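**Student:**
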Amino acid sequence: MTENLAQHYLDQAQRHYQRGEVEAAITALRLAIKQQQGRFPKAYFLLGKAFSDAGEIEKAIAAFRTATEQQPHYPEAYYHLGLAL
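This is the structure in structure tokens:
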């Protein structure tokens, strides 16, 4: 059940992000991550992109780093981490 709810929040976050609703995306991503007890690299990756768009670079870097720590073979996350640095 938690995985379904986490995926629901991730899908919701992606829709918000695509519409430019960055703060709403961040809120939904935090809920998705919470549902997975902090282990959700895809959500951390999108959270990094949302923080980057919001101008919160330090938070973006932290989110991208968490995504790459949780999923070491995540080229897109490494790429965006490099851009944020």
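In terms of our numbering, the sequence shown is residues 16 to 100.
Note that CB positions come from ideal geometry on N, CA and C, so glycine has one too.
A quick note: this is a predicted structure, and the numbers were derived from the prediction, not measured.
Beta carbon of leucine 44, beta carbon of leucine 62: below 8 Å?
**Tutor:** A distance below 8 Å separates the beta carbons of leucine 44 and leucine 62.
**Student:** For leucine 25, count the other beta carbons within 10 Å of its own beta carbon; 16 or more makes it buried, fewer makes it exposed. Which is it?
**Tutor:** buried
**Student:** For leucine 98, count neighbouring C-beta atoms within 10 Å of its own C-beta (all shown protein chains included) and say buried if the count is 16 or more, exposed if not.
**Tutor:** exposed
**Student:** Taking the alpha helix (DSSP H) that leucine 100 falls in, what are its first and last residues?
**Tutor:** Leucine 100 -> no alpha helix (DSSP H), and no H or E assigned at all.
**Student:** Helix, strand or coil for phenylalanine 55? Go by DSSP, reduced to three states.
**Tutor:** coil
**Student:** Label proline 56 either buried or exposed according to how many other C-beta atoms from any shown protein chain fall within 10 Å of its C-beta, with 16 as the threshold for buried.
**Tutor:** buried
**Student:** In whole angstroms, give me the CA-to-CA distance for proline 87 and glutamate 18.
**Tutor:** 21 Å
**Student:** Express the C-alpha separation of tyrosine 94 and glutamate 38 in angstroms, rounding to a whole number.
**Tutor:** Approximately 23 Å between the Cα atoms of the pair.
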